[in-house]
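Visitor: Just so we're aligned, residue 1 is where the sequence shown starts under full-length UniProt numbering, counting upward by one.
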Amino acid sequence: MRSRTKIIDATIELIAHQGFAAASIAAVAKSAGVSRQTVYSIFGSREDLVSQSLAELATTLMSEVHTRLDGITDLTDYLIEFLVAGRSMSTNHPVLSTLMSAQDFHPFFDDGAMERTRAVVTEFLRPMTARQPQYEPYVEQIVDMVSLLGLSLVVVDDTARTDDEMREFLEMWLRPAITALDVG
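1. Kindly list the residues whose CB is nearer than 8 Å to the CB of L83, restricted to its own chain and excluding five residues on each side of it in sequence; keep chain order.
2. Could you say if the segment 23-34 and the segment 1-8 meet the contact criterion of at least three C-beta pairs nearer than 8 Å?
3. Compare the Cα-Cα distances from V163 to each of S90, S51, Q132 and Q141 and report the closest residue.
4. Helix, strand or coil: how does DSSP classify Q134 here?
5. Using CA atoms only, rank isn't needed, just tell me which of S41, G71, L54 and V39 is closest to I15.
6. Does the distance from the CB of V39 to the CB of V28 come in under 8 Å?
7. For T159 and R87, what's the separation of their Cα atoms in angstroms?
8. Can you say whether T11 is buried or exposed, counting buried as having 16 or more other CB atoms within 10 angstroms of its CB?
9. Check whether the segment 62-71 touches the segment 132-147, counting contact only when three or more Cβ pairs, one atom from each stretch, lie closer than 8 Å.
10. Consult DSSP for T73 and reduce its assignment to one of helix, strand or coil.
Right, dumping it as structure tokens:
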């Protein structure tokens, strides 16, 4: 288990500082202080290594986002804070900012990216829909809206905009959209 952790840490570190191309089996093994055979025996392939490393990182970062969202009871406020947190992490975290830049072996922008994004957004909405079940019939539409908006904020938004300016922008557009839902 210790080798696995060292390998994942080395992978994340290489991606953060040198990009995805740098996270080869040989480079990760060297950085982690293990043999290439050890890396292969634990992960099987480079794709599995990178995928599992990113999953570990995502789990850690998701708990931070859940902490930011805990206690928010208004759906619009919840969505705004979720989008601001995601944008902030994707621009400030070295691996996530690398993940958002175009480069070879880019695991994010493939045919399954939107499906994976919807799954993440759905999971983050569960606590809010549990608190406000009247929105349950609209979850698919809300997930689509937040997924598309979130990806655009992460990939193409002007990062010069502050988090407070982003909250203002999102409030202006999301509050009317959520209010327009017929939850009566």
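Using N, Cα and C, we set each Cβ at its ideal position, and we do this for glycine too.
Guide: Per the coordinate set shown:
1. For the purposes of this step, residue 83 is identified with residue 83 of the sequence shown, where counting begins at 1. If we look at L83 and ignore the five residues flanking it on each side, its Cβ neighbours are V146, L149, G150, L153, M166 and L170.
2. yes
3. For this step, residue 163 is matched to residue 163 along the sequence shown. Contrary to the premise, residue 163 reads as Asp rather than Val in this sequence. Checked all of S90, S51, Q132 and Q141; the closest Cα to D163 is S90.
4. Working through the sequence shown from its first residue, we reach residue 134 at position 134. Q134 falls in the helix class under three-state DSSP.
5. Here residue 15 refers to the residue found at position 15 of the sequence shown. Taking only the C-alpha atoms, the option nearest I15 is L54.
6. One-based indexing of the sequence shown puts residue 39 at position 39. One-based indexing of the sequence shown puts residue 28 at position 28. A contact, by the Cβ cut-off of 8 Å.
7. To locate residue 159, count along the sequence shown from 1; it is residue 159. To locate residue 87, count along the sequence shown from 1; it is residue 87. Cα to Cα, T159 sits roughly 9 Å from R87.
8. Position 11 of the sequence shown, counting from 1, holds the residue named residue 11. The residue in question, T11, is buried, as its Cβ has 16 or more Cβ neighbours within 10 Å.
9. no
10. Numbered from its first residue, the sequence shown carries residue 73 at position 73. In this structure, T73 counts as coil in the three-state DSSP scheme.
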